[in-house]
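**Student:** So the sequence shown is numbered by the working numbering: it starts at -17 and just counts up by one. Where a beta carbon is used, it is the ideal one built from N, C-alpha and C, also for glycine. This structure is a prediction, so every number in the text was calculated from the model and none was measured. Next up is a structure, given as structure tokens.
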Amino acid sequence: MSTTTINQPAKTGGAKTQGNQPITIALIREKLTTSPGKYILFGVQFLLSLFTVFYLRGIILFAYNSIFYRLEIPELTAKSYCFSVSVTCFEYALLMLFTRRQIVTRLVILCAMPFYFPIFLFNYQRLELVIPLGILIVVTYIASGTSEGPKTILGAVFLMFYIIGAVVFFVVQSILTPTVSDTVIKRDVSPLGNYRYEVVQEIDRADGNTYIAIEPNDADIKYERSVWHVKGFKQTIYHARPLDTCTYEWSTQERSLITQTLLAINPDTTFTLNADQMRILGLDAGFTKEYEADDLTRMQLRKLGYQLKGDKIIQLLEKVLRDDLIEIDKDRILRFNFDQMVSLGLNPTYDMKLADLTDEDLEKLGVPEETEILRMNGKVVFRQYIAVLEDTFDASNRELTALVQSNELPEVDPAGVDLEEIRRKREEAAKATETTTTATETTTENTDTTDITGGDTTETTAAAAQ
């Protein structure tokens, strides 16, 4: 009697089957060991490894922001910020571990190592950022598919780079730190929110001073859980010496009234417009300027196809690069239009009288209708009107000292220094100086009298002997 095997259908809710075999992890591994499975796995890993490029891009951007911006994580969002960073690091860690043998992932892990340095250097006190990122770096680097020999050597190189770089950074920072004592008595934002300012009492070797520093408040990068405050634009606009009580006041004034005030002070008030401002007002059309050949750099002359006569360096480069440059004299006059000057990096400028600028021109140049003014002891020390026209806070004016500035701001002490103690020390120093001067003059007079008396006695004695 013959029998027939009947395949029973899978029960609802049971494991999915392929034929008669349930799909298990062991079956998946078996399928992946076959040639088609290996190719499929390699293709999936390669495609996923391309997403690690976005991680590298984010790390580079983070490193740039750490250098030129100051990270602020408010206390209210610190926990959520830590959670979001941890989740992001966990996701990229899984991605890089799954694709660790792919060339793209290995290159990303290695190329990202130098960019971690500024992140940790400037934000080492931000544990909610440092801890998740540090765990990600250690895990992904150790588990990377790079051979153990190169991985060990590069790891030692990166470690030495971090140590030496940190030492050099803190040494340079200590050298550039001024040997004065600063006390911030006020840190706030201007009424319209355009600027941040600090009122600082500075005690130096002289009698001290009070100054106000201003930086833009509209150049920050704001996220949901953090803010990157821009660095390198702080301008000291006022010094009051000696150190004493100062009054300061912000106010607003209409653009037209400020124009009238400036023209009343000086009818010939002139502003130097840069290339962008010239374009806005249409001053670039037909604008030309003459330069002597000696005023241009070698690269600018080479770009024009010229070289100065007798320039040995360019002659050597000409042989190497096989350029055919025309020799010209140093005093040869070259005329350029606006576009040529911009392409050569000559930065064209135009001196414009304020009297020749209409109110519409000022609006085009970015001067708002209501502008902010700061007065110190009743004297105007800052006008937003002028700062906009002079492009005071342009990116080209950013100070390179931002590279070594600390991301930690000093605490605000509203009470400030003890001015009574300062005055008392001044009076004591003045009295001591006066006493020393009087004693010196008395000693000098006594010395002169002794010399004169001694001379007379000598002469009398000599006469008696004769």
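Does the contact criterion of 3 or more C-beta pairs under 8 Å hold for the stretch 285 to 294 versus the stretch 310 to 320?
**Tutor:** Verdict: yes, contact present.
**Student:** Do Phe72 and Gln27 come within 8 Å of each other at the CB atom, strictly closer than that value?
**Tutor:** no
**Student:** Which same chain residues, not among the five before or five after Pro353, have their C-beta less than 7 Å away from its C-beta?
**Tutor:** Here residue 353 turns out to be Thr, not Pro, going by the sequence shown. Thr234, Gln235, Arg237, Ile240, Arg365, Gln366, Tyr367, listed in sequence order.
**Student:** Identify the continuous alpha helix (DSSP H) that holds Pro114 and give its terminal residues.
**Tutor:** Element bounds for Pro114: 109 to 124.
**Student:** Cβ atoms of Ala257 and Val324: under 8 Å apart, would you say?
**Tutor:** yes
**Student:** Taking the alpha-carbon positions, what's the Leu347 to Pro173 distance?
**Tutor:** 22 Å
**Student:** Let's see if you can read the secondary structure: which residues bound the alpha helix (DSSP H) around Phe320?
**Tutor:** For Phe320, the uninterrupted alpha helix (DSSP H) run begins and ends at 320 to 326, by DSSP.
**Student:** Looking at the strands, I want to know which residues DSSP matches up with Val212.
**Tutor:** Bridge pairing for Val212: Tyr51 [DSSP].
**Student:** In this structure, how does DSSP classify Asp311 when only helix, strand and coil are distinguished?
**Tutor:** coil
**Student:** Going straight from the alpha carbon of Thr34 to that of Gly116, what length do you get?
**Tutor:** 17 Å
**Student:** Nearest-angstrom Cα distance between Thr218 and Leu344?
**Tutor:** 25 Å
**Student:** Determine which residues share a DSSP beta bridge with Leu43 and list them.
**Tutor:** Leu43 pairs with nothing; no bridge assigned.
**Student:** Alpha helix (DSSP H) containing Asn105: first to last residue?
**Tutor:** 85 to 105
**Student:** Considering only the beta carbon of each residue, do Leu126 and Arg82 sit closer than 8 Å?
**Tutor:** The question names Leu, yet the displayed sequence has Ser at residue 126. Yes, the Cβ-Cβ distance between Ser126 and Arg82 is below 8 Å.
**Student:** Considering only residues of the same chain and omitting the five flanking positions on each side of Asp170, which have a CB-CB separation below 8 Å?
**Tutor:** Same-chain partners within the cutoff: Arg178, Tyr179.
**Student:** Between which residues of its own chain and Arg207 is the CB-CB distance below 6 Å, once the five residues before and five after are set aside?
**Tutor:** Thr59, Ser62, Tyr63
**Student:** Relative to the alpha-carbon of Arg88, which residue among Val112, Tyr123, Asp266 has its alpha-carbon at the smallest distance?
**Tutor:** Tyr123
**Student:** Where does Ala222 sit, in a helix, a strand or coil, going by DSSP?
**Tutor:** Ala222: strand per DSSP, three-state reduction.
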